[in-house]
Amino acid sequence: MSEPRLVEVRRNVLKQNDVIAHALRSQFRAAGVFVVSLVSSPGSGKTTFLEKTLTQLQPRYRVAALVGDLATENDAVRLARSKAPVKQITTGTLCHLEAAMVQNALQDWNLHDLDFLFIENVGNLVCPSSYDLGENLRLVLMSVTEGEDKPLKYPTIFNSADVAVVTKNELADAVEFDWNAARNSIQSVRPGMQIFRLSAKTGEGMEEYLKFLGQRLAEQTAVAQI
Amino acid sequence: MHELSIAMGIVDAALDESQRRGVQVSAVHLRLGALSGVVKDALMFSWEVACQDTQLQGSQLIVDEVPVIVFCTQCHAERELPSVQSFACPVCGAATMDIRQGKELEVFAIEVQEEEVQG
Chain A
1 MSEPRLVEVR
11 RNVLKQNDVI
21 AHALRSQFRA
31 AGVFVVSLVS
41 SPGSGKTTFL
51 EKTLTQLQPR
61 YRVAALVGDL
71 ATENDAVRLA
81 RSKAPVKQIT
91 TGTLCHLEAA
101 MVQNALQDWN
111 LHDLDFLFIE
121 NVGNLVCPSS
131 YDLGENLRLV
141 LMSVTEGEDK
151 PLKYPTIFNS
161 ADVAVVTKNE
171 LADAVEFDWN
181 AARNSIQSVR
191 PGMQIFRLSA
201 KTGEGMEEYL
211 KFLGQRLAEQ
221 TAVAQI
Chain B
227 MHELSIAMGI
237 VDAALDESQR
247 RGVQVSAVHL
257 RLGALSGVVK
267 DALMFSWEVA
277 CQDTQLQGSQ
287 LIVDEVPVIV
297 FCTQCHAERE
307 LPSVQSFACP
317 VCGAATMDIR
327 QGKELEVFAI
337 EVQEEEVQG
């Protein structure tokens, strides 16, 4: 045997996922649907937040959701109360969604019938950061009960997100939530990120966030028509 | 913990290269960015399992950790971030999201063992 030789190959490990995500993004653009993915830790109130989002957008927009979960279909059952089309992606032992799972789940849906599609990732602030799902907007959700330094503990996912939502604001006083500290943490790991502070339960702050989504959809539609 | 599936992805890529080139791989060199979302220790831990019963069994994974480099518009220069907890220029303190490096998850090279030509 000869000495080992070093051969340069330069292969992106997630290329397959990225190729599918890219195809999905083109498909979403062609259909005129604005796609938002949601990432958060378990128990941050993602499903309640999404249920309220779907319910409140429905009078004006056609909305639907894909929900990733490890084993149960509880989230999909809860979200179905919003009357929006909801499909569960059960990931088994996998801790995150991949683009291929989104592609499979969307096979029998006509995207042209939708204005907004929400993709709820598995509750996890680590693994989902590596996988592009073809979304237009990645929304990271944290609740006031999780502590102001959450972004500093999970910088990669916050950095990869486009917008942050701080929820359960109705509990802020009870847990002595320091809003400035939280904002500084977010801005430190993701400078310039827009932040919404709201309560999905009471509805406080929801209007501003829903308006923002409406604007982003309108912008995408406007770009598509040029 | 998604490092096992990442490790399997690395094995697949390396196997594909080895089959295409008709060589035996003894080590895989990976460039791993600080913003890749993949933890080096967990990946190293998963490597042996991922290689089991493949032609890569017994091979080594060599990880080259890639720091985050941003472009600072105040300094007009590329700067290496000392920590991913602060996206600010380490020299002037200006915030920046102009990321130039640090998301890599790339099989950079393979070490191959070639049979010597007989005769």
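Protein chains in written order, with this note's numbering: chain A, 1 to 226; chain B, 227 to 345.
We put the beta carbon where it would ideally sit given N, CA and C, even for glycine.
For clarity, every value in this text was computed on a predicted model and none was experimentally measured.
Option in the options with minimal Cα separation from residue i
i                         : options                                : result
serine 285 of chain B     : B:Glu229, B:Ser244, B:Arg305, B:Gln327 : B:Ser244
asparagine 231 of chain A : A:Thr90, A:Thr167, A:Arg62, A:Tyr61    : With chain A running from 1 to 226 in the structure shown, residue 231 of chain A is simply not present.
aspartate 69 of chain A   : A:Gln194, A:Tyr61, A:Val63, A:Arg78    : A:Arg78
lysine 168 of chain A     : A:Ala30, A:Glu204, A:Pro151, A:Glu135  : A:Glu204
threonine 299 of chain B  : B:Gly328, B:Gln311, B:Pro316, B:Val289 : B:Pro316
aspartate 242 of chain B  : B:Ser231, B:Glu274, B:Leu282, B:Ala268 : B:Leu282
arginine 216 of chain A   : A:Arg29, A:Arg11, A:Ser82, A:Leu24     : A:Arg29
glycine 235 of chain B    : B:Met323, B:Val333, B:Arg247, B:Ile325 : B:Val333
glutamine 311 of chain B  : A:Ser44, A:Asp113, A:Trp109, A:Ile157  : A:Ile157
glutamine 107 of chain A  : A:Thr93, A:Ser82, A:Tyr61, A:Leu66     : A:Leu66
valine 126 of chain A     : A:Lys153, A:Glu135, A:Leu111           : A:Lys153
aspartate 173 of chain A  : A:Ser143, A:Val9, A:Val35, A:Ala161    : A:Ser143
leucine 269 of chain B    : B:Pro308, B:Ala233, B:Ile325, B:Leu307 : B:Ala233
Environment of residue i [buried if 16+ CB atoms lie within 10 Å]
i                         : result
threonine 53 of chain A   : buried
proline 155 of chain A    : buried
lysine 211 of chain A     : exposed
histidine 228 of chain B  : buried
glutamate 207 of chain A  : exposed
glutamine 344 of chain B  : With a pLDDT of only 49 at glutamine 344 of chain B, under 50, the local geometry of the prediction cannot be trusted, and the value read off the model is given with reservation. Answer is exposed; the Cβ neighbour count stays below 16.
proline 258 of chain A    : Here chain A has residues from 1 to 226 only, and residue 258 of chain A is not among them.
asparagine 104 of chain A : exposed
histidine 302 of chain B  : exposed
proline 128 of chain A    : buried
valine 275 of chain B     : exposed
serine 37 of chain A      : buried
threonine 6 of chain A    : The sequence as given places leucine at residue 6 of chain A; threonine does not occur at that position. Classification of leucine 6 of chain A: exposed, given that the 10 Å Cβ count is below 16.
valine 223 of chain A     : exposed
histidine 255 of chain B  : buried
glutamate 342 of chain B  : A caution first: glutamate 342 of chain B carries a pLDDT of 49, below 50, which makes its placement in the model too unreliable to give a value.
glycine 45 of chain A     : buried
valine 165 of chain A     : buried
glutamate 219 of chain A  : exposed
tyrosine 209 of chain A   : buried
Contact set between residue i and chain A, taken where Cβ atoms lie within less than 9 Å
i                         : result
methionine 323 of chain B : Asn159, Arg190, Pro191, Gly192, Met193
leucine 331 of chain B    : Asn12, Val13, Leu14, Ser130
lysine 239 of chain B     : Checking the displayed sequence, the identity of residue 239 of chain B turns out to be alanine instead of lysine. By Cβ distance, chain A contributes Val9, Arg11, Asn12, Val13, Lys15.
Short Cβ contact (9 Å threshold) for residue i with residue j
i                            : j                           : result
valine 102 of chain A        : leucine 137 of chain A      : no
leucine 171 of chain A       : phenylalanine 49 of chain A : no
leucine 14 of chain A        : serine 130 of chain A       : yes
leucine 139 of chain A       : valine 163 of chain A       : yes
leucine 258 of chain B       : valine 264 of chain B       : yes
alanine 335 of chain B       : valine 292 of chain B       : no
asparagine 159 of chain A    : valine 39 of chain A        : no
lysine 87 of chain A         : alanine 64 of chain A       : yes
isoleucine 295 of chain B    : glycine 319 of chain B      : no
serine 272 of chain B        : leucine 230 of chain B      : yes
leucine 24 of chain A        : leucine 213 of chain A      : no
phenylalanine 313 of chain B : arginine 183 of chain A     : no
glutamate 330 of chain B     : alanine 253 of chain B      : no
aspartate 115 of chain A     : phenylalanine 34 of chain A : yes
glutamine 339 of chain B     : proline 4 of chain A        : yes
methionine 323 of chain B    : glycine 32 of chain A       : no
Interface residues of chain A facing residue i [CB-CB closer than 7 Å]
i                         : result
isoleucine 232 of chain B : Val13
Amino acids of chain B, ordered along the chain, whose beta-carbon sits closer than 7 Å to that of residue i
i                        : result
threonine 156 of chain A : Leu261, Gly263, Val310
leucine 152 of chain A   : Gln311
Chain-ordered chain B contacts of residue i [CB-CB under 9 Å]
i                      : result
arginine 25 of chain A : Neighbours of arginine 25 of chain A on chain B: none; closest Cβ ~17 Å, over 9 Å.
Residue i: contacting residues in chain A (beta-carbon distance under 8 Å)
i                         : result
histidine 228 of chain B  : Leu94, Cys95, His96, Val126, Cys127, Ser130
isoleucine 236 of chain B : Val13
glutamate 243 of chain B  : Val7, Val9, Arg11
Interface residues of chain B facing residue i [CB-CB closer than 8 Å]
i                      : result
glutamate 8 of chain A : Phe334, Ala335
proline 4 of chain A   : Ser252, Ala253, Glu337, Val338, Gln339
leucine 137 of chain A : Residues of chain B passing the Cβ test: none, with the nearest at roughly 16 Å.
Any non-hydrogen atom of the ligand COA closer than 8 Å to residue i Cβ
i                     : result
valine 317 of chain B : Ligands in the displayed structure: none, and consequently the ligand COA is not present.
* Could you tell me whether the region 176 to 185 of chain A touches the region 144 to 151 of chain A, using the rule of 3 or more Cβ pairs below 8 Å? => yes
* Asked: Okay, do the region 82 to 101 of chain A and the region 115 to 122 of chain A touch, 3+ Cβ pairs below 8 Å being the bar?
  -> Judged by Cβ distances under 8 Å, the region 82 to 101 of chain A makes contact with the region 115 to 122 of chain A, as three or more pairs qualify.
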